[in-house]
């Protein structure tokens, strides 16, 4: 067993705050196991950086902030995974699924909706998006073709994606949906 003073202080801190921090993380996550994972990972990171953190005047406040931030990160990751799964459900070809026929029949509607969203983009954004996503060009290739800088192409792509997500969101569709449809695969 480790007997250094810093380890003993860390061990005491862990035992005194562990359940309190788990309850705090659980207030965000509403999942006991995920809350424990967050707190354990927070303490692991604390130990890895303990030499840098020796001078922190209020370690308890630091830990609460770290647990909160890590819990929010877990929620964001969870949300992104759920959004991706929703989008995948619409385009997945699952023959055992009783709704597969309905989804297959709806696919042309969604493809049309995506093309409408692309058509509604500002002209320069649409041209950049078409080059990069539909024609499969890199940002540098599109920049050369369009006489723009690579950074400008990157900015137009970001704007185009934001506008497409907003447009599709009006119809209750996850923004990831248009990336999953085969219409963009050449």
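Numbering (UniProt numbering), first residue to last: 1 to 186. All residues carry an ideal CB built from backbone N, CA and C; glycine is no exception.
Would you grab the beta carbon distance between residue 34 and residue 74 for me? Rounded to a whole angstrom, and I think it's under 8 Å. On the chain shown, position 34 is the one that residue 34 refers to. On the chain shown, position 74 is the one that residue 74 refers to. Confirmed, Cβ separation roughly 6 Å.
Just to confirm my understanding: we take residue 141, look at its own chain, exclude 5 residues before and 5 after, and list those with CB closer than 8 Å. What are they? As a working note, residue 141 is residue 141 in the chain shown. The residues are 131.
Three-state secondary structure (DSSP) at residue 49? Your numbering for residue 49 matches position 49 in the chain shown. Residue state, collapsed to three classes: coil.
CB of residue 21 within 8 Å of CB of residue 63, strictly: Within the chain shown, residue 21 is the residue found at index 21, counting from 1. Within the chain shown, residue 63 is the residue found at index 63, counting from 1. Cβ atoms of residue 21 and residue 63: closer than 8 Å.
Member of 150, 147, 162, 146 whose CA lies at the smallest distance from the CA of residue 117: Here residue 117 is taken as the residue at index 117 of the chain shown, counted from 1. Nearest of 150, 147, 162, 146 to residue 117, Cα basis: 162.
Can you tell me whether residue 80 is buried or exposed, with buried defined as 16 or more other CB within 10 angstroms of its CB? For this step, residue 80 is matched to residue 80 along the chain shown. The residue is exposed, with fewer than 16 neighbouring Cβ atoms inside 10 Å.
Cutting at 8 Å between CB atoms, please list the residues of its own chain near residue 158, excluding the five before and the five after it. Walking along the chain shown from the start, residue 158 turns up at place 158. Excluding sequence neighbours, residue 158 sits near nothing in its chain.
On the DSSP letters alone, give me the boundaries of the alpha helix (DSSP H) that residue 157 sits inside. Start at 1 with the first residue of the chain shown, and residue 157 comes out as number 157. Segment 150 to 169, the alpha helix (DSSP H) holding residue 157.
Residue 43 versus residue 37: straight-line alpha-carbon distance, rounded: Residue mapping note: residue 43 aligns to position 43 of the chain shown, counting from 1. Residue mapping note: residue 37 aligns to position 37 of the chain shown, counting from 1. Straight-line Cα distance between these residues: approximately 10 Å.
Tell whether a beta-carbon distance below 8 Å holds between residue 70 and residue 41. Your numbering for residue 70 matches position 70 in the chain shown. Your numbering for residue 41 matches position 41 in the chain shown. Cβ atoms of residue 70 and residue 41: closer than 8 Å.
In whole angstroms, give me the CA-to-CA distance for residue 156 and residue 77. Reading the chain shown from its first residue, position 156 is the one you call residue 156. Reading the chain shown from its first residue, position 77 is the one you call residue 77. Their Cα atoms are separated by approximately 26 Å.
Would you kindly check if the distance between the Cβ of residue 66 and the Cβ of residue 121 is under 8 Å? The sequence position of residue 121 within the chain shown is 121, counting from 1. The sequence position of residue 66 within the chain shown is 66, counting from 1. Result no, Cβ atoms of residue 121 and residue 66 do not sit closer than 8 Å.
Between the Cα of residue 123 and those of 136, 146, 170, 112, spot the shortest distance and give me the residue it belongs to. The residue labelled residue 123 in the question sits at position 123 within the chain shown. The option with the nearest alpha carbon to residue 123 is 146.
Give me the Cα-Cα distance between residue 189 and residue 25, rounded to the nearest whole angstrom. Past the boundaries of the shown model lies residue 189; the chain is included only from 1 to 186, so the question cannot be answered.
Applying the 10 Å Cβ sphere with the 16-neighbour rule, what's the burial state of residue 143? Your numbering for residue 143 matches position 143 in the chain shown. Under this definition residue 143 is a buried residue.
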